[in-house]
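Peer 1: Residue numbers (my numbering): 32 to 213. For each residue, glycine too, the CB sits at the ideal point set by N, CA and C.
#1: Any idea what DSSP makes of residue 117, helix, strand or coil?
#2: Using the C-alpha atoms, what's the distance from residue 52 back to residue 210?
#3: Between which two residues does the beta strand (DSSP E) harbouring residue 123 extend?
#4: Taking all protein chains shown into account, decide if residue 91 is buried (16 or more other Cβ within 10 angstroms of its Cβ) or exposed.
#5: I need the straight-line Cα distance from residue 175 to residue 182, nearest angstrom please.
#6: For the alpha helix (DSSP H) that contains residue 192, what are its first and last residues?
#7: Out of curiosity, what's the CA-to-CA distance linking residue 200 and residue 44?
#8: Less than 7 Å separating the beta-carbons of residue 106 and residue 123?
#9: Which of helix, strand or coil does DSSP assign to residue 90?
#10: Would you kindly work out how many angstroms separate the C-alpha atoms of residue 49 and residue 39, rounded to a whole number?
#11: Assuming residue 125 contacts residue 134 under a Cβ cut-off of 8 Å, what Cβ separation, rounded to an integer in Å, is found between them?
#12: Which residues in the same chain as residue 208 place their Cβ atom closer than 6 Å to its Cβ, once the five residues preceding and following it in sequence are excluded?
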């Protein structure tokens with residue numbers, strides 16, 4: 032009878048341990064699920080009806096025209112300029128004289144052509160002499176320097192691990208003690 036009672040206690044403790052393990056597992060899974068959902072008091076999940084935007088019955092339309100740019104006004108494309116002007120350097124300019132700010136090209140003036148004047152014949156002048164230049168020298172190329180390896184973060188504390196192992200050992204010793212006593 033005593034051995035039957037010990038077996039029942041051992042089975043009961045085993046079932047209790049399994050139930051507690053399942054509860055712990057379900058708790059961990061639920062906490063991970065909740066951790067992925069953002070919780071912000073300023074961002075409600077549902078939108079109240081009072082805040083729903085009304086749909087307008089009528090819609091307004093606005094139209095406008097941009098006048099074309101005149102001479103020396105800023106532009107980004109030639110289509111923005113008028114009267115045969117083109118966009119040059121961000122300003123509407125006359126393509127015939129882009130330097131003129133008023134877009135009026137100056138009239139060309141006639142200049143007298145060149146006249147022939149006799150020049151003395153060629154004289155003997157010493158030519159250039161070549162001097163040896165040193166060739167390219169070999170320079171050492173870049174060398175690779177090893178980058179320091181980043182330190183890994185600590186992913187837990189040894190105190191917590193030791194406490195869990197100690198608690199597990201204590202529970203096992205307690206179970207063995209109960210078996211021996213009964």
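Peer 2: Per the coordinate set shown:
#1: strand
#2: 22 Å
#3: 122-124
#4: exposed
#5: 21 Å
#6: 189-212
#7: 16 Å
#8: yes
#9: coil
#10: 15 Å
#11: 4 Å
#12: none
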